[in-house]
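Residue numbers (this note's numbering), protein chains in the order written: chain A, 7 to 122; chain B, 11 to 419. Report on the structure given below.
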Amino acid sequence: MAHYLLSVIEPVGPTPPAEFLEPIMARIGEVNAEIRAAGAWVYAGGLHGGETATMVLARDGDVVTTDGPFAEGKEHLGGISIVDAPDLDAALGWARKLVDASGLSIEVRPFRYSET
Amino acid sequence: MSTPGDAVERVFREQYGRAVAVLVRLLGDIDLAEEAVQEAFVTAVDRWPAAGVPPSPAGWIITTARNKAIDRLRREATRDARHAQSQLLHAPGRGLEEEDTVRDDQLRLVFTCCHPSLAPTAQVALALRLLGGLTTREIADAFLLPEATVAQRISRAKAKIRQARIPYRVPAAAELPERLPAVLAVVYLVFNEGYAASSGDTLVRPDLCADAVRLGRLLADLLPEQEEVVGLLALMLLTQARRPARTTADGRLVPLGEQDRAAWDAALVEEGQALVRWCLARDRPGPYQLQAAIAAVHSAARTGRDTDWAAILGLYDRLLALAPTPVVALNRAVALAEVAGPAAALAVVDRLELLGFHVLHAVRADLLRRLGRRGEAAQEYERAIALAGNAAERAFLQGRRAEAAAADE
């Protein structure tokens, strides 16, 4: 089994209204329950907007703290899921269900190593 | 007189992909599998000239490769992972060369090469390498790319297969509709690059066509109930059949309507037509089947003049409904010109957004010529010549332009 990072990419902008968001969150909840039931669950979480991000940078042998996300863009990282899957197709299967539920795009990447 | 050296060469062409596919199953690692198979062929070059070609060359290669892999893994057996792999190779009940197993191994590898998470360019290179046994240099030559570029694409794709754990498996029936088109597209891309090279001096690269047909046969063998797979094979066979008539002895291009049909490969025509009939009986037409059916109508005409253009136009109408692309619309317009005249076809062509595609300008030039609008025809030929990447196609268009100009005087 291997861990995969599922990065949820969402458009930058105001949070959609509750009547739009709630059914989506409910569907994502169902998929998450399915991932747990399959024993593939490691972790999942949503993020506040990029404006809440702080960068801690290595600069000339020093550590500097500054405002801002790492990169400005029309899309940003909205949340992550980590799943434990036997192969890429299995991880893509979970990603597909989350995409179906959320309407957002997801990048799937294998972990090089992990500590638990 | 074929020598053992020729035999190694031939066995390499025909069996490399099979051997790699079997070894990938046994080892679970593409690089190890390739190395073992290559070592086995090196040994064959040494041994066969003196000892003679073994009765089952493919079996010999696979067994030798397996032994080479065991040797290597033993040498590295201190490492746990290697040890586990070497145990795997000794596990009983793993057939090495039963025909069905080999086919399954190859099919798994085709789908691995064409996994949607690999870049399309990498899919083609990897399929040619692992299934067609082409060297990195041969693939680079075929696509006019630097060898380093191709080597990098292949090694990146292999690394992604390993690191992201792309599985060696045939997709479930439910996934086939999504996954199969990529596989068919790769095979057809290889065939087309061989049949009408996008650049270079010669029009045809026969080895690429042969590789694509071999992959197509393999797929049709492996997935006999998939109509589009059979359709693609039929399309390639019927197209391949025209090859002997497609160029003159000095390499000039002969258009379909003027080809000497006696020179077509009758066996390929017959085989392709039989496959098209099988498809028609199944009545689940897809784009490859429809293109194959069009090729079959062409192949049934004794001369260009006998062509049943109404049937071809009907097939193009169905193809356009399934695959509404400007290229299909352009091909349909060529058939329309035969049924309804060049003016009707020109009206269609003028609405297509394909400027910059040399075939569009060549077709438009031909329609203008037939309408007697020679000055405009000459200009269109100029545009087509400027855009054509292949020297044989350029020469053909230059000939047409000269004819149009001569008729003017």
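Backbone N, C-alpha and C define an ideal beta-carbon position, used for all residues, glycine too. None of these values were measured; they are calculated from a predicted model.
When C-beta atoms of the region 141-148 of chain B are compared with those of the region 113-126 of chain B, three or more pairs fall below 8 Å, so the two segments count as touching. If you draw a straight line from the Cα of Tyr178 of chain B to the Cα of Cys123 of chain B, it is about 9 Å long. Under the three-state reduction of DSSP output, Asp376 of chain B falls in the helix class. Listed along the chain, the chain A residues whose CB falls inside 7 Å of the CB of Pro191 of chain B amount to none; the nearest CB is some 17 Å away. B:Glu281 is the residue among B:Arg315, B:Glu281 and B:Ala401 whose C-alpha sits nearest the C-alpha of Ala303 of chain B. With its beta carbon at least 8 Å from every one in chain B, Asp106 of chain A lies outside the interface.
Between Glu237 of chain B and Arg294 of chain B, the C-beta spacing is below 8 Å. Under the three-state reduction of DSSP output, Ala77 of chain A falls in the coil class, being neither helix nor strand. When DSSP states are grouped into helix, strand and coil, Tyr326 of chain B belongs to the helix group.
Taking a contact to require three or more Cβ pairs closer than 8 Å, the region 325-334 of chain B and the region 357-365 of chain B do not qualify as touching.
Non-local beta-carbon contacts of Gly314 of chain B in its own chain, meaning distances under 6 Å to residues more than five positions away in sequence, involve Gly267 in chain order. Tyr205 of chain B: member of the alpha helix (DSSP H) spanning Leu186 to Tyr205, first to last residue.
According to the DSSP assignment, His9 of chain A belongs to the beta strand (DSSP E) that extends over Ala8 to Pro17. Identification of residues in the region 172-202 of chain B having a C-beta nearer than 7 Å to some C-beta of chain A yields Gln173, Ala174, Arg175, Ile176 and Pro177, given in sequence order.
Shown here, Arg65 of chain A sits in a strand according to DSSP, grouped into three states. At a cut-off of 8 Å between beta carbons, Ser66 of chain B makes no contact with chain A.
Buried is the label assigned to Asp376 of chain B, since at least 16 other Cβ atoms lie within 10 Å of its Cβ. Each of A:Ile112, A:Leu110 and A:Leu94 was checked against the Cα of His9 of chain A, and the nearest Cα belongs to A:Leu94.
The region 99-179 of chain B contains no complete beta strand (DSSP E) run of 3 or more residues. Against chain A, the beta carbon of Ser127 of chain B has neighbours under 7 Å at Leu94, listed in chain order.
Ala46 of chain A has a beta carbon lying at 8 Å or more from every beta carbon in chain B. A Cβ of chain B is located within less than 8 Å of the beta carbon of Ala8 of chain A. Here Val193 of chain B is buried. Its C-beta has 16 or more other C-beta atoms within 10 Å. With a beta-carbon spacing of about 5 Å, Asp270 of chain B and Ala255 of chain B fall inside the 8 Å limit used to define contacts. Linking Leu247 of chain B to Arg20 of chain B through their CA atoms gives a straight-line distance of about 21 Å.
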